[in-house]
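Just below is one structure, and these are the notes that go with it.
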């Protein structure tokens, strides 16, 4: 008579079953403690009950507020889908980046970094804000009016020329804010960037390689001499592309264009 084997059959699923049972027990115990604490000890659940949005205002703030509340309100503070929230908010054209802060026990704080417009783009279908990183943003309306230059010239609105003007406007804004703040219009021409300033009808030719070249010289010259000229509106151009000099195109019929050094 043959004897039965003493070894038991292998059950590869058994360790996984034990691990699952342990997790269920721990999860149930944790949930029970949380319920006991919140009901009898006054502890607060880590559930998102409030969403605050900073870094933007008006309609933009309300838009992010509605989107965030729809996605995360009443969700666990440390278990909600932050990646989806970030993607949805940063998909808005005017949002450059989003910072998410968890403020226990029940608040989520969102800090929005907006794209900054550098000029208005005037097209037949409307007037739009263009950001310093090349995004066409909202239509211009009373809530987002900014004292920034416009780009009206159709020849300046090709993709290549718009990129050049965005780079030029960004540098002027960051390095020569006083000059940039007085500009009414920007264009791109065969000579490079061209600016038009309030109180001065003549075009201002800027350097293609360094758009800020001679801008301080020009500002000093304009305040000290040009602004007092009775024929200011008849000047043909101001050229800042020379080395350390400002060339002034005199009115028609007068002397040839002169180059005026800053020290004069």
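Residue numbers (this note's numbering): 10 to 273.
Backbone N, C-alpha and C fix where the C-beta goes; we use that ideal spot for every residue, glycine too.
Only a predicted model underlies this, so the values are computations on that prediction, with no experimental measurement involved.
6 Å Cβ shell around residue i - same chain, five flanking residues per side excluded
i           : result
residue 62  : 70, 73, 74, 119
residue 89  : 81
residue 253 : none
residue 185 : 221, 224
residue 136 : 129, 149
Residue-chain proximity (residue i, chain C), Cβ-Cβ < 8 Å
i           : result
residue 206 : This model lacks chain C altogether; it includes just one protein chain.
Neighbourhood of residue i by C-beta distance below 8 Å, restricted to the same chain and skipping five residues each side
i           : result
residue 93  : 80
residue 170 : 164, 197
Same chain only: Cβ atoms within 7 Å of residue i, ignoring 5 sequence neighbours per side
i           : result
residue 190 : 156
residue 153 : 138, 147
residue 158 : 128, 178, 192, 193, 194, 195
Whole-angstrom distance between residue j and residue i, CA atom to CA atom
i           : j           : result
residue 77  : residue 160 : 35 Å
residue 164 : residue 237 : 34 Å
residue 56  : residue 143 : 39 Å
residue 241 : residue 231 : 10 Å
residue 58  : residue 187 : 45 Å
residue 85  : residue 117 : 11 Å
residue 247 : residue 172 : 24 Å
residue 235 : residue 132 : 33 Å
residue 134 : residue 175 : 21 Å
residue 214 : residue 162 : 15 Å
residue 122 : residue 140 : 13 Å
For residue i, the first and last residue of its enclosing alpha helix (DSSP H)
i           : result
residue 201 : That residue, residue 201, is in no alpha helix (DSSP H); its beta strand (DSSP E) goes 201 to 206.
residue 180 : 168 to 184
residue 68  : 67 to 81
residue 245 : Careful: residue 245 lies outside any alpha helix (DSSP H) and carries neither H nor E.
Exposure of residue i, with buried meaning 16 or more beta-carbon neighbours within 10 Å
i           : result
residue 128 : buried
residue 87  : exposed
residue 31  : exposed
residue 212 : buried
residue 34  : exposed
residue 126 : buried
Host beta strand (DSSP E) of residue i (start-end)
i           : result
residue 233 : Segment 224 to 233 is the alpha helix (DSSP H) holding residue 233; no beta strand (DSSP E) there.
residue 63  : 59 to 63
residue 106 : 104 to 112
residue 92  : Careful: residue 92 lies outside any beta strand (DSSP E), inside the alpha helix (DSSP H) at 91 to 99.
Exercise. Pairing CB atoms from the stretch 163 to 182 with CB atoms from the stretch 194 to 205, are three or more of them under 8 Å?
Worked result: The answer is yes - the stretch 194 to 205 touches the stretch 163 to 182, with three or more Cβ pairs under 8 Å.
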